[in-house]
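Chemist: After the structure tokens below, expect a handful of questions from me.
Structural data, given as structure tokens:
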């Protein structure tokens, strides 16, 4: 069974000013992930994402690398209660 997962994903490193949010949205839409991405004041990027478990695994692996201009130092995951996201937004 491939149940739905909902995570808060925080990405640290050189992840602002390098197209991280744009490519996160592009990757999410391609995979069918719902949620949003936004920059945080501490220089990290915050993502809330909902997808089937196998798709979420691919999405999280992508977030650990990011686009070629980014440098990801650390990614933290936290389970979230199921959200009712429609698409995938940049905030």
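In this note's numbering, the protein residues as written are 50 to 140. C-beta: ideal position from N, C-alpha, C; glycine also.
Based on DSSP bridge pairs, tell me the residues matched to residue 91.
Modeler: Looking at the DSSP assignment, residue 91 forms no beta bridge with any residue, so it has no partner.
Chemist: Return the chain-ordered list of same chain residues with a C-beta closer than 6 Å to the C-beta of residue 54, the five sequence neighbours on each side being excluded.
Modeler: 102 and 105, listed in sequence order.
Chemist: Output needed for residue 85: all residues of its chain with C-beta closer than 6 Å, excluding positions within five of it in sequence on either side, in chain order.
Modeler: Correct list, in chain order: 97, 138 and 140.
Chemist: For the beta strand (DSSP E) holding residue 137, just list the boundary residues, first then last.
Modeler: From DSSP, the beta strand (DSSP E) with residue 137 extends over 137-139.
Chemist: Quick one: using the 10 Å Cβ neighbour count with 16 as the cut-off for buried, is residue 127 buried or exposed?
Modeler: So residue 127 ends up on the exposed side.
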